[in-house]
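S.K.: Numbering-wise, the sequence shown is residues -13 to 435 according to this note's numbering.
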Amino acid sequence: MKKVLSTVAALGLIAGLASTASAVEFKMSGKYLVEGAYLSDARGAGVVTTAVSDNPSDAYWLHTFEIKPTMKVNDKISMSSVIRLADDTMWGSSADTASTAANNNDVYVHQLYMDYASPIGNMRFGRTPAGTYGTNFMDSDKRADRVMLYPSFLADGPWSTLFYIEKSKDQQTGAILTPSATYQSDKDTDKYVARVYYKSDSLDSGLHYAYGRNMTEDSALLGVAQASIKDVKQELTAYGKYKMDNYFVNAELTHYFGSVDYTAATSVDYDSWAGMLQVGGKFDALTPSLMYFYAEGQDMNSTDREAALVGSTAAASGTGDMFEPLYILTGRNTGMLNTDIFSGNTGLLTTAGIHAIVAAADYAVSNQLTLHGAIGWAKADQAAITGYTNRDDSYGWEYNVGAAYKLLDNLTYEAHFGYLDTGDFFKSTATANDAENVYILTHSLTMTF
């Protein structure tokens, strides 16, 4: 409570100072989300991916409250922040291991950065938004510590560029000021990114290149214990969002490459692909679409790192937090492919990869009510992963229905139901017939201001 009162008092002070200084313009926006969920097959950390018989259900409530203050100092400088007083925080006392981090995120500064309109282009410094690039297929809703530059030499045309440096980890282990210490700069984890965009009335497209240098990864991932390694993971992503009359096409393709070099062991290469293609149209109140998405899985017979949904360490990164064409397989409450809330179960599916086809439609009944329906089929890209040899590759068929009702201009209620007719991939053994079907029910209330 003291943290909440301190935060509110600080914001009040900022607002008071802003109102008395004619050169400073202060604005604030935000949202409050409260959500309830029921999962038929869960053990306190999302849906159980090994869907054997007699799994218990799970039901919970959570909420998020964030405020976004912006202070414009002058025509050249502004300060922005995202402060979260709750961040997917579970109601009540929860012992869920996968949600421990969320329960600790009661009050914290999620983002804090300065924008400066410099003579060479717009610059941004600090803990910046680091969410979706292009489509929302592979990008998490996160933040990152960056120095960013939008050069001005292409600012007046359809082309634009972006360059930034991102600090992911500042390594500080070992006794300080001793020869064995590893807090030197060459032990840090950094990322260097260059982007180019082309935007017109009908096309939004871009190309993204990232060079990630990780000198601190735990080499035990591959069963070796080396004193030092060099982990370089590079990413090349192209996206395009095209609109023509009533039709639209969204596409994204990502390739990961690079290597992990050990001092006394065989190096391991990154080599993986992921992609998404969606076509659809808008016809009065009806918006149908057809989507295919793919993420490469890990071949057990390969020493390369081929799982596109697994990060540079053993931890799963999953599909994008805002990418939810299916409530269960890609839903944020299940932990199967999306790591937004639960990440304890993602290792299995993210390692196996996915091929999926989804047909969906939204229908605006009125200005207040919108209905949603979807049907999808999915399978593993690599069914023969560790512990799952000789399994069938079918994830199964999923069926979704949902509705969103706007109670007020800034208050919306949503309800969603998903049912997964599980395939043989989820059997407890290669010969068993015990894979349970899975269903989920969620509803939420979102207020924006």
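Backbone N, C-alpha and C fix where the C-beta goes; we use that ideal spot for every residue, glycine too.
Express the C-alpha separation of D247 and S253 in angstroms, rounding to a whole number.
M.R.: Near 5 Å, if we compare the C-alpha coordinates of D247 and S253.
S.K.: Count the other CB atoms, across all protein chains shown, that sit within 10 Å of the CB of P311; report buried if there are 16 or more and exposed otherwise.
M.R.: buried
S.K.: Taking the DSSP output, what are the residues bridged to D407?
M.R.: W383
S.K.: Return the first residue and the last residue of the beta strand (DSSP E) that P55 is part of.
M.R.: For P55, the uninterrupted beta strand (DSSP E) segment begins and ends at 44 to 58.
S.K.: Just list the residues that DSSP pairs A103 with in beta bridges.
M.R.: N108
S.K.: Quick one: what does DSSP say F309 is sitting in, helix, strand or coil?
M.R.: coil
S.K.: Do you know whose CA, among D174, D74, D410, T75, lies nearest N200's CA?
M.R.: D174
S.K.: Which partner residues of E21 appear in the DSSP bridge assignment?
M.R.: L48, S430
S.K.: Counting only beta-carbon separations shorter than 9 Å, does T240 have a partner in chain B?
M.R.: Chain labels in this structure do not include chain B; a single protein chain is all it has.
S.K.: Just reading off the beta strand (DSSP E) that L71 is part of, what are its end residues?
M.R.: 63 to 76
S.K.: Do you know offhand how far L431's Cα is from N386's?
M.R.: 19 Å
S.K.: Whose CA, out of F243, Y349, A347, lies closest to the CA of V218?
M.R.: F243
S.K.: Does the Cβ-Cβ distance between Y136 and T223 come in under 9 Å?
M.R.: no
S.K.: Give the DSSP-derived three-state secondary structure of F435 in the structure shown.
M.R.: coil
S.K.: Classify K13: buried if its beta carbon has 16 or more other beta carbons within 10 angstroms, exposed otherwise.
M.R.: Counting Cβ neighbours within 10 Å, K13 comes out exposed, since fewer than 16 surround it.
S.K.: Within a Cβ cutoff of 7 Å, which residues of the same chain sit near T114, ignoring the five residues on either side of it in sequence?
M.R.: Q97, Y99, R129, A130, R132, M134
S.K.: With respect to the beta strand (DSSP E) encompassing R181, which residues constitute its N-terminal and C-terminal limits?
M.R.: That run of the beta strand (DSSP E) goes 175 to 185.
S.K.: Hey, how far is the Cα of H358 from the Cα of A346?
M.R.: Cα to Cα, the separation comes out at about 7 Å.
S.K.: Quick one: is V34 buried, meaning 16 or more other Cβ sit within 10 Å of its Cβ, or exposed?
M.R.: buried
S.K.: Indicate whether F411 and R377 have their beta-carbon atoms separated by less than 9 Å.
M.R.: yes
S.K.: Am I right that D40 and G30 are in contact with their C-beta atoms under 8 Å? What's the rounded C-beta distance?
M.R.: Wrong, their Cβ atoms sit about 15 Å apart, outside the cutoff.
S.K.: For L323 and I340, which I take to be in contact (beta-carbon distance under 8 Å), what is that distance rounded to the nearest angstrom?
M.R.: Cβ atoms of L323 and I340 come within 8 Å of each other, at about 7 Å.
S.K.: Does the Cβ-Cβ distance between Y46 and I426 come in under 9 Å?
M.R.: no
S.K.: Short of 6 Å in beta carbon distance, which residues of its chain neighbour L189, apart from the five on each side in sequence? Order them along the chain.
M.R.: Y228
S.K.: From D270, A360, N108, F51, pick the residue whose C-alpha is nearest to that of A350; which is it?
M.R.: D270
S.K.: Measuring straight from C-alpha to C-alpha, what distance separates V20 and H49?
M.R.: 4 Å
S.K.: Identify, in the order they occur along the chain, each residue of the same chain with its Cβ nearer than 7 Å to the Cβ of T337, setting aside the five sequence neighbours on each side.
M.R.: G283, Q284, A293, V296, I371
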